[in-house]
Amino acid sequence: MQEQAKIGENTAERKEEIRKRIEELRDLIHYHNYRYYVLDEPEISDAEYDRLFKELEDLEAKYPEFITPDSPTQRIGAKPLEEFGTYEHSIPMLSLNSVTEEHEVWEFDERVRRALGEEEIEYVVEPKIDGLAMEIVYRDGVLVVGSTRGDGRVGEDVTQNIKTIKSIPLRLMKERLPLLEVRGEVYMPVSKFKELNKELGRRGERMFANPRNAAAGSVRQLDPRVTASRPLDFFAYGVGRVEGREFRTQWEILNYLKEVGFRVSPLVRLFRKIREVIEYHDELEKIRAELDYEIDGVVVKVNSIEQQNRLGTISRSPRWAIAYKFAPREEFTKVKDIVVQVGRTGALTPVAVLEPVQIGGVTVSRATLHNEEELKRKDVRIGDTVVVERAGDVIPEIVSVVKSKRTGAEKEFKMPDRCPVCGAEVLKDGPIRRCIGVACPAQLKERIKHFASQRAMDIEGLGGKVIEQLVDRKMVSDPADIYFLTKRDLLKLDRMGEKLAQKILDAIDKSKQTTFERLIYALGIRHVGEHTASLLASHFRDMDELRNASYDELVSIPEIGPEVARSIILFFEQDSTDRLLRKLEEAGVRYEKLPEVKKEATLAGKTFVFTGKLSIPREDAKRLVEELGGRVATSVSKKTDYVVVGEDPGSKLVKAQQLGVKVIDEEEFMALTGRK
Ligand code: IVH
138 MQEQAKIGEN TAERKEEIRK RIEELRDLIH YHNYRYYVLD EPEISDAEYD RLFKELEDLE
198 AKYPEFITPD SPTQRIGAKP LEEFGTYEHS IPMLSLNSVT EEHEVWEFDE RVRRALGEEE
258 IEYVVEPKID GLAMEIVYRD GVLVVGSTRG DGRVGEDVTQ NIKTIKSIPL RLMKERLPLL
318 EVRGEVYMPV SKFKELNKEL GRRGERMFAN PRNAAAGSVR QLDPRVTASR PLDFFAYGVG
378 RVEGREFRTQ WEILNYLKEV GFRVSPLVRL FRKIREVIEY HDELEKIRAE LDYEIDGVVV
438 KVNSIEQQNR LGTISRSPRW AIAYKFAPRE EFTKVKDIVV QVGRTGALTP VAVLEPVQIG
498 GVTVSRATLH NEEELKRKDV RIGDTVVVER AGDVIPEIVS VVKSKRTGAE KEFKMPDRCP
558 VCGAEVLKDG PIRRCIGVAC PAQLKERIKH FASQRAMDIE GLGGKVIEQL VDRKMVSDPA
618 DIYFLTKRDL LKLDRMGEKL AQKILDAIDK SKQTTFERLI YALGIRHVGE HTASLLASHF
678 RDMDELRNAS YDELVSIPEI GPEVARSIIL FFEQDSTDRL LRKLEEAGVR YEKLPEVKKE
738 ATLAGKTFVF TGKLSIPRED AKRLVEELGG RVATSVSKKT DYVVVGEDPG SKLVKAQQLG
798 VKVIDEEEFM ALTGRK
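In my numbering, each number is its position in the sequence shown, counted from 1, plus 137.
And the structure:
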């Protein structure tokens, strides 16, 4: 009997140990999730993270009684729903009065001052994220409900989907209030939106007109596995009902939200003067295209909660806040014609020729219609009045057709059966029609333009106009031919002088020294973009090795799938590829391999920019980064991961702060590269 009790005790003890380990793993995973998705500063490698996650999954599979809804394993897993339930907000989600003119902002300030008397007023300015408003409810620090705004009073219960968004904590850090309702915006990063649309286009599925529609469509998926596959993100900007804590200001709320584990926009600012608010609005309008998320204006909020309460609300909009919007990026115009462009791979793309319109300071006269199916779906006809949108640096899109303006004189457009440029046959390849002409001048022009482009062989001066003439005059028949051009050849072209010709020849000559990854990218292999080119360049020693690679070897490289592998094999099977490579070699094109990544690639995928004077030479700093698999760029963009500041930093520092890029000093840099 005694023996029995002991064993029982042992299992109970053992179970307690397992429960503890599960708890510990969850804490670790939540923490590393936060480092990765919220701070963008991972502390451990992906492999280590995967190990922790796997261990937790295994333990939970064995001991399902220990699974809790806030376990990181529970982000996906729920079954598709039949329909969404409804959710009533405990405090209505208000909307904002929006203004577009500066004088309206002054008037807002006057109204606020009149109502509050002679008091000091501070304004919080936040970017107005163009996504989808959400409320996320935490009870005792655990996410229990996620819901859309709906009509402000009642929204849809999208908890399952919200839980798949990695930057939304499943449980709060630091403290666990009995109740915290967090409000914010779900959005899709512009870069991810473009990738998603490209993929949907390739599969012939319906594409999204803009990142906001993509975010909304993804949140309102009945199958959470689809939502999980969509790259959504979240910025928190406010709270609903809160128990266990009082906030005095909006600024305090934003800081609190950061502390408990949310992403808050790095572009939020606090001002005392409305003039400063207006200036900041103008500043953000200038950099909006550089951000990886869409903003359509700023939200101006009176900072003090007590003042907010005194100002109150009228007809569902607070009197203490306004949206100060940027100039619209949607305009009406007319479709003058629909033409077909032939791309580098022979793909036929219908393009709408528009009556030129100004959208956000840029003249738009063309909009892509992507492919035949999109054209049919949108039902765009020649003569139609359409709504055109220019979203960030995305190619202008036709959002919709204003059917009420149709007169009956509009003409439907049919995709041609023959290539409009070379007359060769056109074959259907999924949703895409492709010209199969091997010598199609349109394809050749695009291939050479790609080859010479800045991110490929970087031949300055060899632009579209010159290339078109070279092809039309049959002076080149593949990209390698440009290396055999003489000054006499170039001088035959229109608008070509001695000086320009020399400049182009010099640039052509200079491009002969390149890197392996640029050369691979320049070849224009289908499905091989810059990223894949760099994967291939670090996997293979030289072009010969790449050329001889088998399908199995290619697909064994992480991130290279069957479609890409097949495309690479097909490319190197062509006789024309053989000829091209031989000619390039003959011309003296040489490439260097990137430095071998011997050490653990702890900075893989990270981009650094240096500004100011460091105590070690820049070249050395650059080598440090590259040895660890990172890259060094010369200018700051939203893709930059770290800006390293030395003495007397320049404007790059300002840019970094505007874009919310992480800024580190030399000491931190040395620590990151393991030199300290
Ligand atoms: S505050 C009273 N802050 O704009 C507070 N809204 O019409 C109301 N939005 O539905 C919202 N960024 O979807 C607030 N920083 C921000 C925002 C923001 C985007 C959206 C939100 C809301 C709409 C207001």
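Glycine is no exception: its CB is placed at the ideal position from the N, C-alpha and C atoms.
Looking from the CA of residue 151, the closest CA among 245, 476, 196 belongs to 196. The three-state secondary structure of residue 765, taken from DSSP, is coil. Inclusion of residue 323 and residue 371 in the CB contact set at 7 angstroms is warranted, their separation being smaller than that value. Annotation: the continuous beta strand (DSSP E) that includes residue 651 extends over 650-652.
For residue 419, the secondary structure class from DSSP, reduced to helix, strand or coil, is helix. Residue 182 carries a coil assignment under DSSP once its states are collapsed to helix, strand and coil. Per DSSP, the continuous beta strand (DSSP E) segment holding residue 408 begins and ends at 406-408. Bounds of the beta strand (DSSP E) holding residue 471 are 467-479.
In this structure, ligand 1 has a non-hydrogen atom nearer than 6 angstroms to the beta-carbon of residue 265. When the beta-carbon positions are compared, residue 408 and residue 293 stay at least 7 angstroms from each other. In the displayed model, residue 322 falls within a strand according to three-state DSSP.
Of the candidates 646, 696, 689, 677, the residue whose Cα lies closest to the Cα of residue 664 is 696.
The distance from the Cβ of residue 405 to that of residue 261 is about 6 angstroms, consistent with a contact at the 8 angstroms cut-off. Residue 495: member of the beta strand (DSSP E) spanning 485-496, first to last residue.
Residue pairing for residue 317: DSSP places it in a beta bridge opposite 275, 379. Residue 320 and residue 542 have their C-alpha atoms roughly 40 angstroms apart.
Spatial neighbours of residue 478 in its own chain (CB-CB distance under 7 angstroms, excluding positions within 5 residues in sequence) are listed in chain order as 486, 488. Here the segment 441-459 makes contact with the segment 382-390; the two share three or more CB pairs at distances below 8 angstroms. If you check the C-beta of residue 348 against ligand 1, you find no heavy atom less than 6 angstroms away.
Proximity of the beta carbon of residue 769 to ligand 1 is not indicated: no heavy atom of the ligand is located closer than 6 angstroms. Short note on residue 517: C-beta not closer than 6 angstroms to any heavy atom of ligand 1. Secondary structure of residue 305 (DSSP, three-state): coil.
Taken through DSSP and simplified to helix, strand or coil, residue 260 comes out as strand. Closest option to residue 533, judged by alpha-carbon separation, among 574, 673, 500, 579: 500.
The segment 216-233 makes no contact with the segment 323-333; the number of CB pairs closer than 8 angstroms stays below 3.
In the three-state scheme derived from DSSP, where H, G and I count as helix and E and B as strand, residue 265 is classed as strand.
Residue 327: member of the alpha helix (DSSP H) spanning 327-339, first to last residue. Its Cα nearest to that of residue 806, the residue 760 stands out among 357, 760, 613, 359.
Remark: the C-beta of residue 233 is in contact range of ligand 1, defined as less than 6 angstroms to any heavy atom.
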